[in-house]
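Chemist: Below is the structure I would like to discuss, written out as structure tokens.
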Amino acid sequence: MKLFSKILIANRGEIALRILRACQELGIKTVVVHSTADDDSMPVRLADESVCIGEPAGRDSYLNMRAIMSAAEITNADAIHPGVGFLSENAKFARMIMEHGRVFIGPTPEHIELMGDKITAKSTMQKLGMPVIPGSNGEITSEAAAVCQAEEIGFPVLIKAASGGGGKGMKVAYCKDDVAQAYRLARTEAKANFGNDAVYMERYLKAPKHIEFQILADKQGHVVTLGERDCSLQRNHQKIWEEAPALGLPQRGRAKVEELIVKAMKKLRYIGVGTIEMLYEDGEFFFMEMNTRLQVEHTITEMVTGVDLVKSQILAAAGFPLEIAQRDVVVRGHAIECRINAEDPCTFFPSPGKVTMYHPAGGLGVRVDSHTYSGYVIPPYYDSLIGKLIAFAPTREECLARMRRALNEFVVDGVATIIPLHQRLIENPDVLRGEFNIHWLKGFLDASEKAS
Ligand code: MV4
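Mapped onto the working numbering, the consecutive letters of the sequence shown carry residue numbers 2 to 453.
Okay, structure coming up:
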């Protein structure tokens with residue numbers, strides 16, 4: 002078995018930098034592809050080679066598969082890391098890379114397709130023994146069937162898009178009279194957003210937590226879980242604060258779910274890193290979706306397990322067996338990630354422009370993953386994530402204290418950031434007690450808007 006000699010990073014920003022750092026530590030040469038908006042970016046400067054692949058808009062650069070393939074051919078990169086977002090869950094891209102004799106750093110195109118369709122993902126995981134939310138078994142294809150299903154499931158029900166994600170094409174129906182309209186709206190929205198109008202139905206969970214499990218697998222069939230993250234603190238499906246481990250989960254139920262996940266992933270012969278997204282309510286876990294890629298919040302799992310997920314992912318893609326077994330995985334201490342978005346902390350309006358002064362927090366137990374520097378100009382074309390502040394400590398209480406002081410230390414001048422929001426969250430009694438679900442942040446923001 003041979004490790005890659007050169008990896009092409011098909012992404013930008015902090016995640017491109019994160020992947021670049023892993024490559025450098027593994028002694029792998031790097032190529033970063035970039036748009037004209039990222040000419041002066043940190044990953045471009047630090048990479049061994051860079052190739053400009055097009056104009057700023059995503060479809061003209063970071064989503065342009067042919068341009069990226071050409072860059073890989075020209076630079077003779079033997080593998081491509083897609084990062085997060087962009088082409089990271091695109092089966093066609095993964096297949097194209099394979100057909101060009103290179104390696105896609107991720108699972109197979111079949112795995113991506115299986116999990117990309119939420120209906121097949123759900124039925125597959127259910128067959129493999131995972132608990133799922135009661136609902137229609139498969140697609141719903143008529144208004145009459147929707148009404149019939151809803152009465153069987155019991156109200157409220159949620160209609161979801163098969164190609165969904167990010168909440169698009171999702172409609173709640175609280176009573177029989179709502180169903181037909183919710184069904185039509187969900188279908189229309191699904192068609193417009195994903196070009197696929199297939200929808201399915203589930204009982205609507207009113208106040209769940211979003212708990213996700215990190216897994217890691219190799220081509221030899223070994224699978225380990227690296228514990229869970231609580232990602233409930235989100236706004237419009239954008240996570241802003243994540244923690245590992247989650248608070249208040251039942252030990253038995255949690256262990257059982259981990260066991261079922263490992264079993265399912267072994268059966269599927271999954272490869273690399275993956276995340277099983279679950280909803281947790283009233284002591285019960287339900288499979289929701291699986292992400293077949295690295296995630297932004299992988300960092301907190303790295304802090305509490307000591308496992309370098311990006312290195313492990315690259316090694317697994319190259320065919321190396323996992324260096325750790327399940328008995329080696331110990332979750333120690335507590336980690337919190339606060340996403341630093343260049344947005345107004347009240348309106349969340351993006352705040353691109355020049356960062357006149359940048360001084361990240363530091364010290365024991367503080368990690369900052371960021372491509373930002375003093376003088377960096379945040380382009381207006383992409384998401385507003387300019388860094389991640391991660392605090393790690395032996396206990397949650399110490400972790401909160403560490404995060405609080407790190408937030409106070411962090412300086413970003415010239416643009417607005419959501420650091421002030423994090424500073425308010427970290428003083429909130431509910432947040433301090435870990436008592437929040439997926440709707441908590443909206444309530445908090447609505448209340449503070451009224452108060453001001
Ligand atoms: C749900 C749900 C409640 N009940 N399914 C949102 C995105 C999509 N991937 C699935 N989502 C949800 N599915 C049932 N049966 C609530 C959500 C949901 C949500 C889930 C995780 C994190 C944030 C969320 C925000 C709103 C709704």
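All C-beta atoms in this analysis are idealised placements derived from N, C-alpha and C, irrespective of residue type, glycine included.
1. Hey, is residue 365 close to ligand 1, as in C-beta under 7 Å from one of its heavy atoms?
2. On the three-state DSSP scale, how would you describe residue 275?
3. Could you tell me the distance, in whole angstroms, from the CA atom of residue 275 to the CA atom of residue 84?
4. Mind reading off the beta-carbon distance from residue 16 to residue 297? Whole number of angstroms is fine, and I expect it under 8 Å.
5. What number of angstroms, rounded off, separates the C-alpha of residue 428 from the C-alpha of residue 182?
6. Can you name the start and end residues of the alpha helix (DSSP H) that residue 226 belongs to?
7. Just curious, the beta strand (DSSP E) that residue 42 is in, first and last residue?
8. Quickly, what does DSSP pair residue 342 with across the bridge? List them, please.
9. Taking only the alpha-carbon atoms, compute the straight-line gap between residue 234 and residue 254 and give it to the nearest angstrom.
10. Within 7 Å: the Cβ of residue 201 and any heavy atom of ligand 1?
11. Classify residue 101 as helix, strand or coil using the three-state DSSP reduction.
12. If you draw a straight line from the alpha carbon of residue 189 to that of residue 118, how long is it in whole angstroms?
13. Check this for me: beta carbons of residue 225 and residue 326, under 8 Å apart or not?
14. Could you check the C-alpha separation between residue 240 and residue 178 for me, to the nearest Å?
15. Taking just the CA atoms, how far does residue 103 sit from residue 408?
16. Are there three or more Cβ pairs, one per stretch, closer than 8 Å when the segment 71 to 84 is compared with the segment 157 to 170?
17. Let me know the secondary structure DSSP gives residue 261 once reduced to three states.
18. Under the criterion of a Cβ to heavy atom distance below 7 Å, does residue 408 qualify as lining ligand 1?
19. I'd like to know whether the C-beta atoms of residue 286 and residue 134 end up nearer to each other than 8 Å.
20. For the segment 355 to 372 and the segment 386 to 396, state whether three or more C-beta atom pairs, one from each stretch, are separated by less than 8 Å.
21. Which of the three DSSP states, helix, strand or coil, is assigned to residue 14?
22. Can you look up residue 290 in the DSSP assignment and give me helix, strand or coil?
23. Classify residue 31 as helix, strand or coil using the three-state DSSP reduction.
24. Going straight from the alpha carbon of residue 295 to that of residue 273, what length do you get?
25. To the nearest whole angstrom, what separates the beta carbons of residue 318 and residue 29, a pair I think is in contact under 8 Å?
26. Using only CA atoms, which one of 269, 3, 69 lies nearest to residue 130?
27. Should residue 1 and residue 47 be called a contact, given that it needs their Cβ atoms to be closer than 8 Å?
28. As a quick exercise: from 283, 334, 218, pick the residue whose alpha carbon is nearest that of residue 245.
29. Can the beta-carbon of residue 32 be found closer than 8 Å to that of residue 78?
30. My guess is that residue 14 and residue 383 are in contact by the Cβ rule of under 8 Å, so how many angstroms apart are they, rounded?
31. If we require 3 or more residues per run, which beta strand (DSSP E) segments fall completely within the segment 383 to 446?
32. How long is the line joining the alpha carbons of residue 252 and residue 185, rounded to whole angstroms?
33. Sorted by chain position, which residues of the same chain lie with C-beta nearer than 8 Å to residue 415's C-beta, five sequence neighbours on each side aside?
34. In the DSSP assignment, find the alpha helix (DSSP H) that holds residue 3 and state where it starts and stops.
35. Give me the residue from 11, 347, 352 with the minimum Cα distance to residue 452.
36. Consider the C-beta atom of residue 239 and the heavy atoms of ligand 1; say whether any pair is separated by less than 7 Å.
Modeler: By the coordinates alone:
1. Numbered from 1 along the sequence shown, position 364 holds the residue referred to as residue 365. Outside the cutoff, so no.
2. Numbered from its first residue, the sequence shown carries residue 275 at position 274. Collapsing the DSSP output to three states places residue 275 in a strand.
3. Taking the first residue of the sequence shown as position 1, residue 275 is located at position 274. Taking the first residue of the sequence shown as position 1, residue 84 is located at position 83. Near 13 Å, if we compare the C-alpha coordinates of residue 84 and residue 275.
4. Here the question's residue 16 lines up with position 15 in the sequence shown. Here the question's residue 297 lines up with position 296 in the sequence shown. 7 Å between Cβ atoms; contact.
5. On the sequence shown, residue 428 is found 427 positions in, with the first residue counted as 1. On the sequence shown, residue 182 is found 181 positions in, with the first residue counted as 1. Inter-residue distance for residue 428 and residue 182 is about 42 Å (C-alpha atoms, whole angstroms).
6. Working through the sequence shown from its first residue, we reach residue 226 at position 225. Note, residue 226: premise wrong, no alpha helix (DSSP H); beta strand (DSSP E) at 224 to 236.
7. Here residue 42 refers to the residue found at position 41 when the sequence shown is read from its first residue. Element bounds for residue 42: n/a, residue is neither H nor E.
8. Position 341 of the sequence shown holds residue 342. Within the DSSP bridge table, the entry for residue 342 names 386 as partners.
9. Mapped onto the sequence shown, residue 234 falls at position 233. Mapped onto the sequence shown, residue 254 falls at position 253. Distance from the CA atom of residue 234 to the CA atom of residue 254, rounded to whole angstroms, is 22 Å.
10. Against the sequence shown, residue 201 aligns to sequence position 200. Not so, every heavy atom of ligand 1 lies at least 7 Å from the Cβ.
11. Walking along the sequence shown from the start, residue 101 turns up at place 100. Coil at residue 101, not helix or strand.
12. Here residue 189 refers to the residue found at position 188 when the sequence shown is read from its first residue. Here residue 118 refers to the residue found at position 117 when the sequence shown is read from its first residue. One C-alpha to the other measures close to 17 Å.
13. Along the sequence shown, read from residue 1 onward, the residue named residue 225 stands at position 224. Along the sequence shown, read from residue 1 onward, the residue named residue 326 stands at position 325. Result yes, Cβ atoms of residue 225 and residue 326 sit closer than 8 Å.
14. Working through the sequence shown from its first residue, we reach residue 240 at position 239. Working through the sequence shown from its first residue, we reach residue 178 at position 177. Straight-line Cα distance between these residues: approximately 33 Å.
15. The count along the sequence shown starts at 1 and reaches residue 408 at position 407. The count along the sequence shown starts at 1 and reaches residue 103 at position 102. Here the C-alpha atom of residue 408 lies approximately 42 Å from the C-alpha atom of residue 103.
16. Taking one beta carbon from each stretch, the segment 71 to 84 and the segment 157 to 170 have fewer than 3 pairs nearer than 8 Å; the two do not touch.
17. The residue given as residue 261 occupies position 260 in the sequence shown. Reduced to three states, the DSSP call for residue 261 is helix.
18. Counted from its first residue, the sequence shown places residue 408 at position 407. Not so, every heavy atom of ligand 1 lies at least 7 Å from the Cβ.
19. Reading the sequence shown from its first residue, position 285 is the one you call residue 286. Reading the sequence shown from its first residue, position 133 is the one you call residue 134. No, the Cβ-Cβ distance between residue 286 and residue 134 is not below 8 Å.
20. Output reads yes: the segment 386 to 396 touches the segment 355 to 372.
21. Here residue 14 is taken as the residue at index 13 of the sequence shown, counted from 1. Helix at residue 14.
22. Taking the first residue of the sequence shown as position 1, residue 290 is located at position 289. Strand, per DSSP.
23. Here residue 31 is taken as the residue at index 30 of the sequence shown, counted from 1. Under the three-state reduction of DSSP output, residue 31 falls in the strand class.
24. The residue given as residue 295 occupies position 294 in the sequence shown. The residue given as residue 273 occupies position 272 in the sequence shown. Using only the alpha carbons, I get a separation of about 9 Å.
25. In the sequence shown, the residue the question calls residue 318 occupies position 317. In the sequence shown, the residue the question calls residue 29 occupies position 28. Contact flag wrong, Cβ pair sits at about 11 Å.
26. Along the sequence shown, one-based indexing puts residue 130 at 129. For the residues 269, 3, 69, the minimum Cα distance to residue 130 belongs to 269.
27. This structure gives no information on residue 1, because the portion of the chain shown stretches from 2 to 453.
28. For this step, residue 245 is matched to residue 244 along the sequence shown. Of 283, 334, 218, the residue nearest in Cα terms is 334.
29. In the sequence shown, counting from the first residue as 1, residue 32 sits at position 31. In the sequence shown, counting from the first residue as 1, residue 78 sits at position 77. Yes.
30. Along the sequence shown, read from residue 1 onward, the residue named residue 14 stands at position 13. Along the sequence shown, read from residue 1 onward, the residue named residue 383 stands at position 382. Indeed they touch by this definition, with Cβ atoms about 7 Å apart.
31. Taking 3 residues as the minimum length, the beta strand (DSSP E) runs contained wholly in the segment 383 to 446 are 386 to 394, 412 to 414, in order along the chain.
32. Sequence index remark: in the sequence shown, residue 252 carries index 251 (1-based). Sequence index remark: in the sequence shown, residue 185 carries index 184 (1-based). In this structure, the straight-line span from the alpha carbon of residue 252 to that of residue 185 is close to 41 Å.
33. The count along the sequence shown starts at 1 and reaches residue 415 at position 414. In chain order, 354, 355, 356, 357, 358 place their CB closer than 8 Å to the CB of residue 415, counting only its own chain and leaving out the 5 sequence neighbours on each side.
34. Numbered from 1 along the sequence shown, position 2 holds the residue referred to as residue 3. Counting along the chain, no alpha helix (DSSP H) covers residue 3, and no H or E run does either.
35. As a first step, residue 452 is located in the sequence shown; it is residue number 451 there, counting from the start. That would be 347, whose Cα lies nearest to the Cα of residue 452.
36. Here residue 239 is taken as the residue at index 238 of the sequence shown, counted from 1. The answer is no for residue 239.
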